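Chains as they are written, first to last, in our numbering: chain E, 106 to 584; chain V, 322 to 671. Heads up, the thing below is written out as structure tokens.
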């Protein structure tokens with residue numbers, strides 16, 4: 106299973122999937138998230154991970170489906186999310202069940218309910234959830250706690266988990282994140298801001314992103330509709346006019362109901378949607394970048410930073426998926442020095458900690474000649490990159506690095522250069538002011554000598570020079 | 322002590338001006354005569370080159386000026402201390418002393434330049450405030466000098482007292498010529514020729530006071546030449562190598578140097594360059610060397626030089642140009658050790 110390849114990775118991935126689910130749930134509710142990660146180590150290789158949030162809670166009728174079925178969810182609508190339809194949490198539950206034969210524990214309460222605790226298994230053969238027990242159990246308030254028992258090595262995963270939470274608080278600076286190990290508090294991060302992310306509006310899919318898989322899912326809910334109505338009703342950027350032009354472009358009967366399409370016809374439709382060049386670019390309301398102020402604040406709160414600059418590119422799109430890239434370049438004693446800037450990557454507010462070498466941003470970063478911007482090997486420079494998209498093009502199922510999509514690279518390079526220029530401008534400024542101070546000191550010293558030796562010649566007391574020197578440099582400052 | 326030409330007083334006045342300006346809340350400025358070659362003119366009355374009217378303003382509020390402004394005032398202070406204590410110092414000594422006061426000079430040529438600034442600012446030669454060059458040239462001959470320096474005041478010295486000649490230092494420069502048996506002054510460029518003329522008793526034969534120049538002579542030597550000429554009424558003859566550089570040594574003695582155009586009393590307008598001239602090289606068939614690029618370039622420069630506008634000088638330059646060769650004073654030794662004394666000098670001096 107991707108992300109669960111070894112006992113160390115299993116613990117880290119479990120924490121990660123549950124935390125992402127919790128943060129998404131909180132953002133849906135508009136609350137500032139408080140997410141607690143509780144790790145209990147029983148013996149050397151058995152670990153329990155409990156992640157609790159103050160989100161909306163899960164309505165009881167959805168609990169079993171939400172956590173107990175692989176590929177739950179039938180959203181056609183697209184918007185920026187951390188997790189992918191709760192799939193990750195189900196994977197964690199499955200891994201726990203396989204390795205320890207223990208059920209998943211879900212304790213949830215909504216605004217309307219008083220709270221229930223579930224123990225459930227996944228029937229792997231039939232891919233259906235099996236609720237073992239349900240009990241009434243109150244919580245302190247609405248929210249959900251999920252516990253996965255699994256075989257894993259927390260000792261070795263601890264540093265990764267800590268780094269993950271620390272980085273998560275950079276990209277979700279409105280959240281408060283706590284880590285407890287065997288009931289002992291270990292770490293706490295955030296919140297660095299009390300502004301929740303701007304709520305995103307879910308948008309219909311853009312036609313350029315209509316692969317066969319998506320089309321099939323969309324058709325299954327609209328099988329009665331005729332092709333033209335299906336197109337105008339299910340996609341963004343297709344109105345009557347565009348639909349007419351599009352229908353001329355592809356050789357399909359506009360009056361035919363989509364439910365009766367053959368496999369070949371569906372794939373023809375997909376090909377036509379993806380190659381037609383008459384669509385406007387996708388809406389970006391479904392994206393939620395951190396924004397300049399928040400991003401600079403969270404980086405500054407997490408690292409000791411003496412200089413930072415923010416840049417942003419987009420919205421733009423790849424295959425009909427809108428995206429925005431934003432970045433912070435920071436310099437400070439709290440950052441590691443290296444030849445090229447150290448890269449911290451985030452996708453939809455999730456930190457990516459592994460497999461950086463093949464990542465599109467790492468490759469772009471290395472294409473930049475940073476020395477042009479006055480960066481030297483001894484400087485502790487870091488670049489924080491956040492990609493927001495309705496769909497993040499991960500290179501592999503492990504979701505740790507982003508594929509080299511040309512459209513993304515085309516925005517990443519100018520973004521890096523923009524930050525480099527901002528840095529070199531400010532470096533010049535700093536150097537200039539240091540130079541000015543040095544010049545002032547040298548001037549004051551020389552001028553004191555003028556007064557001193559002048560007085561020695563005149564055989565009088567040396568006059569004070571401070572006001573004259575000060576007046577000269579004030580004038581220069583104003584120029 | 323209110324006379325501005327009194328060195329100590331001139332320096333005190335400089336200090337007062339600077340302090341007064343600062344007390345009044347304005348940055349002191351100084352006007353220094355411009356010593357660039359564009360500002361040199363020939364003064365027919367003094368028969369020497371003097372500085373024209375152009376001046377450069379040094380403003381202590383200017384970041385690029387303030388350092389040399391401080392250096393200049395320190396130099397003035399140092400000079401005043403020398404005068405108060407009746408001491409002398411050398412240019413090199415001045416350069417090294419600066420460090421103890423926190424005044425920084427990049428090198429001695431910078432401090433030498435600042436000394437020259439001070440000279441032209443207050444209108445006095447550095448010798449007036451006790452600063453001399455380190456290198457000495459020498460003098461030998463039948464002349465008696467009376468010292469004026471403290472401790473030796475009134476004592477007399479006869480300049481044949483040492484067979485090596487006497488170094489021309491601050492004491493000898495300020496001494497009064499009292500009497501002489503000599504009829505001419507013969508200034509020679511090289512130490513070797515100076516020694517030869519003493520050994521062969523040529524000074525007796527030509528009734529000459531011998532002065533060794535050692536390349537471009539220090540100002541004290543030029544000043545002494547002028548005193549011999551003025552006080553004793555002796556004609557001055559200059560004998561140098563036969564090349565553009567030797568010719569220019571003579572020129573500076575006669576009409577003055579650009580760098581000291583602000584100082585009076587250094588030139589001997591009536592002095593004569595006896596050689597080695599380009600004509601001598603031909604007439605005496607002297608062994609010669611090919612001129613190098615630097616020599617030829619120097620000739621080009623001298624062609625443009627105001628001081629060489631006279632027809633005789635132009636003739637010499639043309640002669641060198643045609644020859645493209647040069648000869649040293651020692652070239653005469655091809656005809657034997659004493660040829661210069663027995664043949665050449667008698668030819669040239671009579």
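Built from N, CA and C at the ideal position, the CB exists for glycine as well. As the structure is a computational prediction, the values presented were derived from the model and not from experiment.
Worksheet item: Would you say residue 351/V faces chain E, with C-beta separation under 8 Å as the test?
Response: no
Worksheet item: In whole angstroms, what is the alpha-carbon distance linking residue 414/V and residue 341/V?
Response: 31 Å
Worksheet item: Going along the chain, which residues of its own chain have a beta-carbon closer than 7 Å to the beta-carbon of residue 357/E, five neighbours each way excluded?
Response: 332, 370, 373, 374
Item to complete: Establish whether the CB of residue 524/E and some CB of chain V are separated by less than 8 Å.
Response: no
Worksheet item: Taking only runs of the beta strand (DSSP E) that begin and end inside the segment 368–442 of chain E, which ones reach a length of at least 3 residues, in chain order?
Response: 412–423, 426–436
Worksheet item: Exposed or buried, what is residue 144/E when buried is set at 16 or more other beta-carbons lying within 10 Å of its beta-carbon?
Response: buried
Item to complete: Spatial neighbours of residue 496/E within its chain, please: CB distance less than 6 Å, with the 5 preceding and 5 following residues excluded, ordered by chain position.
Response: 426
Worksheet item: Is it buried or exposed for residue 586/E, if we count other Cβ within 10 angstroms and need 16 for buried?
Response: In the structure as shown, chain E begins at 106 and stops at 584. Residue 586/E is therefore absent and cannot be evaluated.
Worksheet item: Is residue 417/V buried or exposed, if buried means 16 or more other CB atoms sit within 10 Å of its CB?
Response: exposed
Worksheet item: Mind pulling the chain E residues with CB within less than 9 Å of residue 435/V?
Response: By Cβ distance, chain E contributes nothing, its closest Cβ being about 12 Å from residue 435/V, past 9 Å.
Item to complete: With residue 113/E as the anchor, note down where its alpha helix (DSSP H) starts and where it stops.
Response: 112–134
Item to complete: Can you give me the start and stop residues for the alpha helix (DSSP H) that residue 667/V sits inside?
Response: 666–670
Fill in: residue 556/E at chain V interface by Cβ criterion, 8 Å
yes
Discussion item. Could you check whether residue 312/E and residue 340/E sit closer than 8 Å to each other, using their CB atoms as the reference points?
Written reply: yes
Item to complete: Taking only beta-carbon positions, decide if residue 551/E is within less than 8 Å of chain V.
Response: yes
Worksheet entry | Residues in the segment 381–395 of chain V having any Cβ partner in chain E nearer than 8 Å | 381, 382, 384, 387, 388, 390, 391, 394, 395
Worksheet item: In or out: residue 572/E buried (at least 16 other Cβ within 10 Å) or exposed?
Response: exposed
Worksheet item: How would you label residue 539/V, buried or exposed, when you count the other beta carbons within 10 angstroms and need 16 or more for buried?
Response: buried
Practice prompt. Can you tell me the Cβ-Cβ gap for residue 511/V and residue 486/V, rounded? I've got them flagged as a contact below 8 Å.
Written response: Not confirmed; about 13 Å, so no contact.
Discussion item. Would you say residue 544/E lies against chain V (beta-carbon separation less than 8 Å)?
Written reply: yes
Fill in: Where the segment 328–346 of chain V meets chain E: residues whose CB sits under 9 Å from a CB there
332, 333, 334, 335, 336, 337, 338, 339, 340, 341, 342, 343, 344, 346
Discussion item. Is the beta carbon of residue 524/E closer than 8 Å to that of residue 457/E?
Written reply: no
Worksheet item: Do residue 352/V and residue 376/V have their CB atoms nearer than 8 Å?
Response: yes
Worksheet item: DSSP beta-bridge partners for residue 459/V?
Response: 488/V, 533/V
Worksheet item: If we ignore side chains and look at the alpha-carbon of each, how far apart do residue 380/V and residue 339/V end up?
Response: 11 Å
Worksheet item: To the nearest angstrom, how far is it from the Cα of residue 167/E to the Cα of residue 249/E?
Response: 13 Å
Item to complete: Please check if any C-beta of chain V sits within less than 8 Å of the C-beta of residue 520/E.
Response: no
Discussion item. Counting C-beta neighbours from all protein chains within 10 Å, is the total for residue 129/E 16 or more, i.e. buried, or is it exposed?
Written reply: buried
Worksheet item: Which two residues bound the contiguous alpha helix (DSSP H) that contains residue 380/V?
Response: That residue, residue 380/V, is in no alpha helix (DSSP H); its beta strand (DSSP E) goes 376–380.
Worksheet item: Which one or two residues does DSSP pair with residue 479/V in a beta bridge?
Response: 465/V
Worksheet item: Where does residue 157/E fall in DSSP's three states?
Response: strand
Worksheet entry | C-alpha distance - residue 198/E paired with residue 173/E, whole-angstrom precision | 8 Å
Discussion item. Which residues of the segment 406–431 of chain V have a Cβ closer than 9 Å to any Cβ of chain E? Give them in chain order.
Written reply: 422, 423, 424
Discussion item. Cβ closer than 7 Å: which chain V residues qualify as neighbours of residue 577/E?
Written reply: 382
Fill in: Spatial neighbours of residue 229/E in its chain, beta-carbon cut-off 6 Å, leaving aside the 5 residues before and after
none
Discussion item. Per DSSP, what are the beta-bridge partners of residue 610/V in this structure?
Written reply: 647/V
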